[in-house]
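**Student:** Pasting a structure here, questions to come.
Protein chains in written order, with the working numbering: chain A, 26 to 351; chain B, 8 to 264.
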């Protein structure tokens, strides 16, 4: 996987007034959005946006293409659903259990995969995810083909009612913002600097004394845990955990979202997730054709706007700036 | 470290051999690098210079032989740990972090001793304490005006200078430079030679170099490799008159100098 088209925003870590205004405007829109748009749809977008952002932490900022992230998404979703439905956990503990499970699974998968590079890394992650898929298919507690249905929406922290979609929307929004903030901070941290260095030139990072495998493993576990957070939340929103979320197509979908939005940009995966989920929802009447349209978009993205939607916009603005500076 | 720093040779490689599927790229090489000298490794293409380099810095595992750094056996040490022992290498193709600024390139080398390199919850701004030191290193290689440029935007010679600044950030006692002037124009070569001369004070330098005038100018001692074996070793005046060396160079059609 080439990383030469990554739009970088190094040195733009400052909290300029413009950025704060934009952030507040986005927050305001998100707060009133459920009054104009179907809340379940928005929650779905946010779950997938968090999924894609966490995936992008690995692809865009370390240069590792995992083809098995569905195991963390779907695995966490099963654990959360099982904990809440069968074991009677409250939703926040169910989500935490799912996230913790994804982190542990990420540690195991990471230890096995992290020493491989490029296509071999993708293949090892895919193989592990397939093994996990068949485990979920056979294990009794996952409900097999039926999945775990009718997961109850118990009160959050025992007090906040989340049976209404509108209430749940704000809970999911809070989870999304927390997850997004963790990713943003990780990218702009001392750890993030080392990750970028590894992405840019791994041998050089080694020669500077960095034990790169440890950094990659850490990034892998963080990514897996945050993907688990997204998967657990999805189980509460849809009151369902099913094989769809652990299947390899799900791993492919998150790659698509990240590339369409712009890998290596902080906001790109959010845009990519919104585009793909919107397409799936509003073009659902076309049936199987949605897949064909997705395929066409993927081909267009890869051949025409390789940096993704956000990546291209960033590059365009940068060009204008450079032109103005000269 | 103090107990071993009186060893006259900082690096001692004995019987160093590297075989790739039966083909020996490096055969039974004994290499001793005296402390505080500039030692050059020369030889025609395919002589095994870069392989030697990779073996000493542990980017490759030797098939046979031992390597000592300051008297300590490092034959089985991992490459990242070699840097921590004070031996830092550069690469044949300039090795910078392209999509990071010049300042960030140097800072990433400085940040490891802070012990916060795994802290994903800390702000990047916690690294700005290192900016002064980084700017000093950047000034040392004349890159001050480029500090906020992306490394990928720098002209070639400047990239090599950045690489040296990044390497020096670790304050290594031993520097390995892999063809530091390759692909450079005359002016850049002169500037880089000066820089190497300057940084070699109180340090030991081992370099692979093709440009014989640079070698003649800088090195205290030269080892000539041919077909994976040592042909001869000595100061430039001596080595350059050696008929075997002349033949090795002419024989492969490389009349450098």
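Positions of the beta carbon are idealized from the N, C-alpha and C atoms, including for glycine.
Since we're looking at a predicted model, the values are computed, not measured.
What would DSSP say about residue 223 of chain A, mapped onto helix, strand or coil?
**Tutor:** Within the first chain, the letter at position 198 stands for residue 223 of chain A. Of the three classes helix, strand and coil, the one that applies to residue 223 of chain A here is helix, per DSSP.
**Student:** Can you round the beta-carbon distance between residue 172 of chain B and residue 148 of chain B to whole angstroms, since I take them to be within the 8 Å contact cut?
**Tutor:** As a position in the second chain, residue 172 of chain B is number 165, starting the count at 1. As a position in the second chain, residue 148 of chain B is number 141, starting the count at 1. Between residue 148 of chain B and residue 172 of chain B the Cβ distance is about 5 Å, and since that is below 8 Å, they are a contact.
**Student:** Can you pull the chain B neighbours of residue 231 of chain A, defined as C-beta to C-beta under 7 Å?
**Tutor:** Walking along the first chain from the start, residue 231 of chain A turns up at place 206. Correct list: 86, 87.
**Student:** Count the other CB atoms within 10 Å of the CB of residue 269 of chain A; is the residue buried (16 or more) or exposed (fewer)?
**Tutor:** Counted from its first residue, the first chain places residue 269 of chain A at position 244. Residue 269 of chain A is exposed by the Cβ-count criterion.
**Student:** Anyone know if the C-beta pair for residue 115 of chain B and residue 222 of chain A falls short of 9 Å?
**Tutor:** Your numbering for residue 115 of chain B matches position 108 in the second chain. Your numbering for residue 222 of chain A matches position 197 in the first chain. In contact: residue 115 of chain B and residue 222 of chain A (Cβ atoms closer than 9 Å).
**Student:** Going by alpha carbons, who is nearest to residue 2 of chain A out of A/303, A/180, A/130, A/72?
**Tutor:** In the structure as shown, chain A starts at 26 and stops at 351, and residue 2 of chain A therefore has no counterpart that could be examined.
**Student:** Return the residue from the list A/158, A/101, A/91, A/286 that minimises the CA-CA distance to residue 147 of chain A.
**Tutor:** On the first chain, position 122 is the one that residue 147 of chain A refers to. Nearest C-alpha to residue 147 of chain A: A/91.
**Student:** Please confirm if residue 107 of chain B has its CB atom under 9 Å from at least one CB of chain A.
**Tutor:** Start at 1 with the first residue of the second chain, and residue 107 of chain B comes out as number 100. By this cut-off, residue 107 of chain B is an interface position.
**Student:** Classify residue 26 of chain A as helix, strand or coil using the three-state DSSP reduction.
**Tutor:** What you label residue 26 of chain A is simply residue 1 of the first chain in a count that begins at 1. Residue placement at residue 26 of chain A is flagged as unreliable, the pLDDT there being 37, under the threshold of 50; the coordinate-derived value follows with that caveat. Three-state DSSP puts residue 26 of chain A in coil, outside helix and strand.
**Student:** Is there a Cβ of chain A sitting closer than 9 Å to that of residue 8 of chain B, yes or no?
**Tutor:** Residue 8 of chain B sits at position 1 when you count from the first residue of the second chain. The pLDDT assigned to residue 8 of chain B is 43, lower than 50, so where the model puts this residue is not dependable, and the model offers no usable value.
**Student:** Just to confirm the assignment, what range does the beta strand (DSSP E) spanning residue 16 of chain B have?
**Tutor:** For the purposes of this step, residue 16 of chain B is identified with residue 9 of the second chain, where counting begins at 1. Start and end: 16-27.
**Student:** Rounded to the nearest angstrom, what separates residue 342 of chain A and residue 202 of chain A at their Cα positions?
**Tutor:** Numbered from 1 along the first chain, position 317 holds the residue referred to as residue 342 of chain A. Numbered from 1 along the first chain, position 177 holds the residue referred to as residue 202 of chain A. Approximately 26 Å between the Cα atoms of the pair.
**Student:** Specify the secondary structure class of residue 35 of chain A as computed by DSSP and reduced to three states.
**Tutor:** Mapped onto the first chain, residue 35 of chain A falls at position 10. Confidence is the limiting factor: at residue 35 of chain A the pLDDT is only 40, short of 50, which leaves the residue's position unreliable, though a coordinate-based value still follows. Of the three classes helix, strand and coil, the one that applies to residue 35 of chain A here is coil, per DSSP.
**Student:** Closer than 7 Å by C-beta to residue 155 of chain A: which residues in its own chain qualify, once you throw out the five before and the five after it? Chain order, please.
**Tutor:** If you number the first chain from 1, residue 155 of chain A lands on position 130. Correct list, in chain order: 273.
**Student:** Of the residues B/195, B/50, B/107, B/180, which one's Cα is nearest the Cα of residue 226 of chain A?
**Tutor:** Residue 226 of chain A sits at position 201 when you count from the first residue of the first chain. Measuring from the Cα of residue 226 of chain A, the nearest candidate turns out to be B/107.
**Student:** Do you know offhand how far residue 43 of chain B's Cα is from residue 182 of chain B's?
**Tutor:** Position 36 of the second chain, counted from the start, is the residue given in the question as residue 43 of chain B. Position 175 of the second chain, counted from the start, is the residue given in the question as residue 182 of chain B. Going from the Cα of residue 43 of chain B to the Cα of residue 182 of chain B covers about 10 Å.
**Student:** DSSP three-state call for residue 345 of chain A: helix, strand or coil?
**Tutor:** One-based indexing of the first chain puts residue 345 of chain A at position 320. DSSP places residue 345 of chain A in helix when its eight states are reduced to three.
**Student:** Counting only C-beta atoms, is residue 212 of chain B closer than 9 Å to chain A at any point?
**Tutor:** Here residue 212 of chain B is taken as the residue at index 205 of the second chain, counted from 1. Not an interface residue.
**Student:** Measuring alpha carbon to alpha carbon, tell me which residue in B/174, B/124, B/136 is nearest residue 145 of chain B.
**Tutor:** What you label residue 145 of chain B is simply residue 138 of the second chain in a count that begins at 1. Cα-wise, what sits closest to residue 145 of chain B is B/174.
**Student:** Between which two residues does the alpha helix (DSSP H) holding residue 205 of chain A run?
**Tutor:** Reading the first chain from its first residue, position 180 is the one you call residue 205 of chain A. From DSSP, the alpha helix (DSSP H) with residue 205 of chain A extends over 190-212.
**Student:** Give me the Cα-Cα distance between residue 83 of chain A and residue 224 of chain A, rounded to the nearest whole angstrom.
**Tutor:** As a first step, residue 83 of chain A must be located in the first chain, where it is residue number 58. As a first step, residue 224 of chain A must be located in the first chain, where it is residue number 199. For residue 83 of chain A and residue 224 of chain A, the distance between alpha carbons rounds to 10 Å.
**Student:** Alpha carbons only, please: which of A/271, A/174, A/80, A/144 is nearest the one belonging to residue 261 of chain A?
**Tutor:** Locating residue 261 of chain A in the first chain gives position 236, counting from the first residue. Ranking A/271, A/174, A/80, A/144 by Cα distance to residue 261 of chain A puts A/174 first.
**Student:** Would you tell me roughly how many angstroms separate the C-alpha atoms of residue 287 of chain A and residue 64 of chain A, rounded to the nearest one?
**Tutor:** Within the first chain, the letter at position 262 stands for residue 287 of chain A. Within the first chain, the letter at position 39 stands for residue 64 of chain A. Roughly 26 Å between the two C-alpha positions.
**Student:** May I ask which residues mark the beginning and end of the beta strand (DSSP E) holding residue 72 of chain B?
**Tutor:** Locating residue 72 of chain B in the second chain gives position 65, where the first residue counts as 1. Here the beta strand (DSSP E) through residue 72 of chain B covers 71-76.
**Student:** At 9 Å on the CB atoms, spell out the chain A contacts of residue 129 of chain B, in chain order.
**Tutor:** Here residue 129 of chain B refers to the residue found at position 122 of the second chain. Correct list: 210, 214, 215, 216.
**Student:** DSSP three-state call for residue 170 of chain A: helix, strand or coil?
**Tutor:** Taking the first chain and counting its residues from 1, the one referred to as residue 170 of chain A is at position 145. Residue 170 of chain A falls in the coil class under three-state DSSP.
**Student:** Going straight from the alpha carbon of residue 213 of chain A to that of residue 291 of chain A, what length do you get?
**Tutor:** Counted from its first residue, the first chain places residue 213 of chain A at position 188. Counted from its first residue, the first chain places residue 291 of chain A at position 266. Cα to Cα, residue 213 of chain A sits roughly 10 Å from residue 291 of chain A.
**Student:** On the criterion of 16 or more Cβ atoms from any shown chain inside 10 Å, does residue 112 of chain A qualify as buried, or is it exposed?
**Tutor:** One-based indexing of the first chain puts residue 112 of chain A at position 87. Label assigned to residue 112 of chain A: exposed.
**Student:** Give the residues of chain A in contact with residue 124 of chain B, contact being defined as C-beta atoms less than 9 Å apart.
**Tutor:** As a first step, residue 124 of chain B must be located in the second chain, where it is residue number 117. Those are 215, 216, 218, 219, 235, 240, listed as they occur along chain A.
**Student:** Can the beta-carbon of residue 303 of chain A be found closer than 9 Å to that of residue 75 of chain A?
**Tutor:** Position 278 of the first chain holds residue 303 of chain A. Position 50 of the first chain holds residue 75 of chain A. Contact flag unset, no.
**Student:** Any beta carbon from chain B within less than 9 Å of residue 337 of chain A's own beta carbon?
**Tutor:** Position 312 of the first chain, counting from 1, holds the residue named residue 337 of chain A. Residue 337 of chain A does not count as touching chain B.
**Student:** Using DSSP's beta-bridge definition, name the partner residues of residue 208 of chain B.
**Tutor:** Reading the second chain from its first residue, position 201 is the one you call residue 208 of chain B. None, per the DSSP bridge assignment.
**Student:** Grab me the residues of residue 191 of chain A's own chain with a C-beta within less than 7 Å of its C-beta, minus the 5 sequence neighbours each way, in chain order.
**Tutor:** Within the first chain, residue 191 of chain A is the residue found at index 166, counting from 1. Result list for residue 191 of chain A: 59, 64, in chain order.
**Student:** Assess, as a yes-or-no matter, whether the segment 206-217 of chain B is touched by the segment 30-45 of chain B under the definition of 3 or more beta carbon pairs within less than 8 Å.
**Tutor:** Verdict: yes, contact present.
**Student:** Under a three-way DSSP split, which group does residue 61 of chain B fall into?
**Tutor:** Translated into the one-based positions of the second chain, residue 61 of chain B becomes position 54. Of the three classes helix, strand and coil, the one that applies to residue 61 of chain B here is helix, per DSSP.
**Student:** Give me the chain A residues within the contact set of residue 215 of chain B, using Cβ-Cβ distance strictly less than 8 Å, ordered along the chain.
**Tutor:** Numbered from 1 along the second chain, position 208 holds the residue referred to as residue 215 of chain B. None at all; the shortest Cβ gap to chain A is about 15 Å.
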